[in-house]
C-alpha cells in the first residue's frame, strides 16, 4: 500500500509518501511546499495544489491521509491553514485519490501510543517505524509521514478486523469517520 501523508499549512505544507508491505513501512519520499508571505493568497494555494498533484502523479498513492485543522488561540492562522488544506483536498479530488482525515491526537495516538505526544516523540517514532537514518526535517515532513503511518496502521487494523468477522470492523468504521476505505478495498490492497 502506498500512502501520501499531508500536514497542511499556508507557509509550509509537509508531504510524505510511505509504502507498506504487511507490517513493514518505509518512506519513499517527503518534502515541504513553501510559499512566500508576500505572494497573493490564490497563488500560494495554487502552488500547494499543483505540487500535491505532482506528488500524487509521481508516487501514485492508493490513498491520502491529511491532518485535520487544530483550532487553537489564533483564529487567523487556523483559517489560513484551512485554505491550504482545501487546496490539498482539491488536488486529491482532481487526481481521484481517496482521502482520510485524522486529528493531530489520532495521529499521535497511532504513531506514538499517546495522543499527548510532543513533536520530538512523533519524529523519533516516525524515524524508527520507517527505518530512517535521520530525522525528517522540517517538522512538517515528520508530521506528514506520521499521518501516512497512522492511516496505514488503521487501514491494516480495519482489514484484519474485517477478515476476523466484521463486528470489530463495523465498530472501527463507526468510530473512524475519516477512514473511508471499504473492506473490499483493504482486502484487495493486502492480497
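In UniProt numbering, the protein residues as written are 1 to 191. Quick reminder that beta carbons are idealized off the backbone N, C-alpha and C, glycines included.
Residue nearest to residue 143 in terms of C-alpha spacing, selected from 56, 110, 133, 154: 110
Would you mind giving the Cβ-Cβ distance between residue 53 and residue 6, rounded to the nearest angstrom? I have them listed as a contact below 8 angstroms. Actually they do not touch by this definition, with Cβ atoms about 12 angstroms apart.
Give the straight-line distance between the Cα atoms of residue 89 and residue 83, rounded to the nearest whole angstrom. 10 angstroms
What's the call for residue 179, buried or exposed, on a 16-neighbour Cβ count within 10 Å? In this predicted model, residue 179 has a pLDDT of only 43, less than 50, meaning its place in the structure is not dependable enough to derive any value.
Through-space distance from residue 132 to residue 125, alpha-carbon basis: 10 angstroms
By Cβ distance below 6 angstroms, which residues in the same chain neighbour residue 20 in space, the five residues on each side in sequence not counted? 1, 152
Do residue 4 and residue 50 come within 8 angstroms of each other at the CB atom, strictly closer than that value? no
Please report the Cβ distance between residue 100 and residue 65, rounded to the nearest whole angstrom; I am assuming they are in contact, meaning their Cβ atoms lie under 8 angstroms. 5 angstroms
Going along the chain, which residues of its own chain have a beta-carbon closer than 6 angstroms to the beta-carbon of residue 9, five neighbours each way excluded? 81, 84
Tell me which same chain residues have a C-beta within less than 8 angstroms of the C-beta of residue 23, skipping the five on either side of it? 156
Tell me whether residue 61 sits in a helix, a strand or coil according to DSSP, three-state version. coil
Does DSSP classify residue 13 as helix, strand or coil? strand
If residue 154 sits next to residue 27, beta carbons under 8 angstroms apart, how far is it from one beta carbon to the other, in whole angstroms? Residue 154 to residue 27, Cβ: 18 angstroms. No contact.
Own chain residues within Cβ distance below 6 angstroms of residue 33, not counting five before or after: 13, 48, 51
Judging by CA-CA distance, which residue of 102, 98, 149 is the nearest neighbour of residue 196? Nothing in the structure corresponds to residue 196, since the chain is present only between 1 and 191.
Member of 77, 76, 30 whose CA lies at the smallest distance from the CA of residue 58: 30
Using the Cβ count rule (16 or more neighbours within 10 Å means buried), how would you classify residue 106? buried
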